[in-house]
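**Q**
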Amino acid sequence: MEAVEVVPSGDGVIPSCPEVSIVVPMFDEAESVSDLVARVGEAMQASGRSFELLAVDDGSRDGTPALLRQLARERPWLRPVCLARNYGQSCALQAGFDRVRGSYVVTLDADLQNDPLDIPGLLDRLDAEPELDSLSGWRQNRQDKALSRKLPSMLANRLISRTTGLQLHDYGCALKAYRRPIVDRIRLYGELHRFLPLLAHDAGARIAEVPVRHHARAKGQSKYGIDRTFRVVLDLVLVLFFLRYRQRPLHAFGGLGLWLATPGALILAWLFAQKLAGEAIGGRPLLLAGVMLVLVGLQLVVAGLIGEVMMRIYYESGGGRQYHLREEPETPEAKL
1 MEAVEVVPSG DGVIPSCPEV SIVVPMFDEA ESVSDLVARV GEAMQASGRS FELLAVDDGS
61 RDGTPALLRQ LARERPWLRP VCLARNYGQS CALQAGFDRV RGSYVVTLDA DLQNDPLDIP
121 GLLDRLDAEP ELDSLSGWRQ NRQDKALSRK LPSMLANRLI SRTTGLQLHD YGCALKAYRR
181 PIVDRIRLYG ELHRFLPLLA HDAGARIAEV PVRHHARAKG QSKYGIDRTF RVVLDLVLVL
241 FFLRYRQRPL HAFGGLGLWL ATPGALILAW LFAQKLAGEA IGGRPLLLAG VMLVLVGLQL
301 VVAGLIGEVM MRIYYESGGG RQYHLREEPE TPEAKL
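According to the UniProt record's numbering, the sequence shown holds residues 1 to 336 in order.
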């Protein structure tokens, strides 16, 4: 992914390590970006925390990058990141995550349906509860007028909670806060931004849900359509496979292969017994079914073995760790 970061040239000092990094992906949001920057600045300056706003432009065609550069000249805390083309929201978020410098990372949408005034409250709770690693916003009083957005979202949230075991009311809320180590462990691909709480949970995060304000969209147009519901289902299948079988692909492919090969082998054994008894089996469809089940089952087992070999090569060559350590606060006794 190619990206150009625009360094602010206005007066002021940018903290080398700000306390908070706010990541906002945006695409064709020229109508709302000025209000967004102003409201984020007001909310964070009133909180007294040092911060940076990483505005990631995802290949906008409406002048958003030029507007971000103009705003950055007077705001040292604004860091525009302009992608070479439109890659999608997941890549835009990852581009921001790759550049964060704060101890806390907050994500936010650019359409101002979430309220930046909620950000300090999320950070205060993370300060007060060190056992939490992430807070996920819950649009309890959602202001979207279109039923085509509310109903699919409600069904998707219930489906995800039921199939994954992570009980959240609102996976789609963009307003979330993380401790920096959790973000450093996450890599986003495709359209997995919808499942950030699941990826954070897989990275060891302890997550709580917090009701946040939600406003009707006042400017610009929504980028989501009804087709998103079908993509969510497909992405959920990918995430479930990734979370459950990433380190043991043989259990997934091999298990399915055995489920198919076992009845196929029983069919062939029964037909073989009938053949020994003198019956003709050459023209029976059941023979073809048995052979196909055994062959497909064996192919899946072999695919699982290949996956195991690739997984071991990846980890043993230093491609990543199979685990994450939990960083506990240091106690006075530990220092002695």
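The beta carbon of each residue, even a glycine, is placed where N, CA and C say it ideally should be. Quantities reported herein were computed from a predicted structural model and do not represent experimental measurements.
1. Could you tell me the alpha carbon to alpha carbon distance between residue 346 and Y314, rounded to whole angstroms?
2. Which value, in whole angstroms, describes the spacing of the CA atoms of E279 and G290?
3. Hey, out of Q45, M154, P65, whose CA is closest to W138's CA?
4. How many whole angstroms separate the CB atoms of V56 and V81, which I take to be in contact at a CB cut-off of 8 Å?
5. For M44, I'd like the list of residues in its chain whose CB is within less than 6 Å of its CB, leaving aside the five on either flank, ordered along the chain.
6. Contact between the stretch 174-187 and the stretch 195-209: three or more CB pairs below 8 Å?
7. Between which two residues does the alpha helix (DSSP H) holding G278 run?
8. If you follow the alpha helix (DSSP H) that D57 is part of, which residue opens it and which one closes it?
9. So does M26 have its beta carbon nearer than 7 Å to some heavy atom of the ligand HEM?
10. CA-CA distance, Y178 and R187?
11. Do you know how far the Cα of G172 is from the Cα of D111?
12. Below 8 Å on the Cβ atoms is my contact criterion, and I expect I267 with L286 to pass it. Report the Cβ-Cβ distance as a whole number of Å.
13. What three-state label does DSSP hand L135 in the structure shown?
14. By the DSSP assignment, the alpha helix (DSSP H) with S34 in it spans what residues?
15. Quick check on I160: does DSSP put it in helix, strand or coil?
16. In angstroms, rounded to a whole number, what distance separates the CA positions of Y245 and Q274?
17. Between the C-alpha atoms of L198 and L298, what's the straight-line distance to the nearest angstrom?
18. Taking Y178 as part of the beta strand (DSSP E), name the residues at either end of that continuous run.
19. Count the other C-beta atoms from every protein chain shown that fall within 10 angstroms of the C-beta of M26, then say buried if there are 16 or more, exposed otherwise.
20. So, at 6 Å on beta carbons, what are the nonlocal neighbours of R85 in its own chain, with the 5 sequence-adjacent residues on each side left out?
21. Excluding the five sequence neighbours on either side, which residues of its own chain have a C-beta within less than 6 Å of the C-beta of S9, listed in chain order?
22. Determine the direct distance from the alpha carbon of A303 to that of G283, and round the result to whole angstroms.
23. Looking only at DSSP bridge pairs, what is M26 linked to?
**A** Inspection of the coordinates gives the following:
1. Any question about residue 346 goes unanswered here, given that the chain covers just 1 to 336.
2. To locate residue 279, count along the sequence shown from 1; it is residue 279. To locate residue 290, count along the sequence shown from 1; it is residue 290. Near 17 Å, if we compare the C-alpha coordinates of G290 and E279.
3. By 1-based counting over the sequence shown, the position of residue 138 is 138. The closest CA to that of W138, considering only Q45, M154, P65, is found on M154.
4. By one-based count along the sequence shown, residue 56 stands at place 56. By one-based count along the sequence shown, residue 81 stands at place 81. Indeed, because the Cβ distance is near 5 Å, the residues count as touching under 8 Å.
5. Start at 1 with the first residue of the sequence shown, and residue 44 comes out as number 44. For M44, where only same-chain residues beyond five positions count, the Cβ hits under 6 Å are F51.
6. Touching, yes.
7. Residue numbering aside, residue 278 sits at position 278 when the sequence shown is read from its first letter. Premise fails: G278 is in no alpha helix (DSSP H) and is neither H nor E.
8. Numbered from 1 along the sequence shown, position 57 holds the residue referred to as residue 57. Run containing D57: none in the alpha helix (DSSP H); it sits in the beta strand (DSSP E), 51-57.
9. Ligands displayed in this structure: none; no statement on the ligand HEM is therefore possible.
10. For this step, residue 178 is matched to residue 178 along the sequence shown. For this step, residue 187 is matched to residue 187 along the sequence shown. The alpha-carbon atoms of Y178 and R187 are separated by roughly 14 Å.
11. On the sequence shown, position 111 is the one that residue 111 refers to. On the sequence shown, position 172 is the one that residue 172 refers to. D111 and G172: Cα-Cα distance of roughly 14 Å.
12. For this step, residue 267 is matched to residue 267 along the sequence shown. For this step, residue 286 is matched to residue 286 along the sequence shown. Between I267 and L286 the beta-carbon gap is near 6 Å, inside 8 Å, which marks them as a contact.
13. Taking the first residue of the sequence shown as position 1, residue 135 is located at position 135. In the structure shown, L135 sits in a strand (DSSP, three-state: E or B).
14. On the sequence shown, residue 34 is found 34 positions in, with the first residue counted as 1. Where S34 is concerned, the enclosing alpha helix (DSSP H) stretches over 33-47.
15. To locate residue 160, count along the sequence shown from 1; it is residue 160. Correct three-state label for I160: helix.
16. The residue you call residue 245 lines up with position 245 of the sequence shown. The residue you call residue 274 lines up with position 274 of the sequence shown. Distance between the alpha carbons of Y245 and Q274 is about 40 Å.
17. Here residue 198 refers to the residue found at position 198 of the sequence shown. Here residue 298 refers to the residue found at position 298 of the sequence shown. Rounded to whole angstroms, L198 to L298 spans 32 Å at the Cα level.
18. If you number the sequence shown from 1, residue 178 lands on position 178. Element bounds for Y178: 176-179.
19. In the sequence shown, the residue the question calls residue 26 occupies position 26. Result: buried.
20. Along the sequence shown, read from residue 1 onward, the residue named residue 85 stands at position 85. G59.
21. As a working note, residue 9 is residue 9 in the sequence shown. Note that S9 scores a pLDDT of 42, beneath 50, so its modelled location is shaky; the value from the coordinates is reported in the next line. Only residues of its own chain outside the window of five on either side were considered, and among them R73 have a CB closer than 6 Å to the CB of S9, listed in chain order.
22. Against the sequence shown, residue 283 aligns to sequence position 283. Against the sequence shown, residue 303 aligns to sequence position 303. The straight-line gap from Cα to Cα measures roughly 31 Å.
23. In the sequence shown, residue 26 corresponds to position 26, counting from 1. Paired residue(s): D57.
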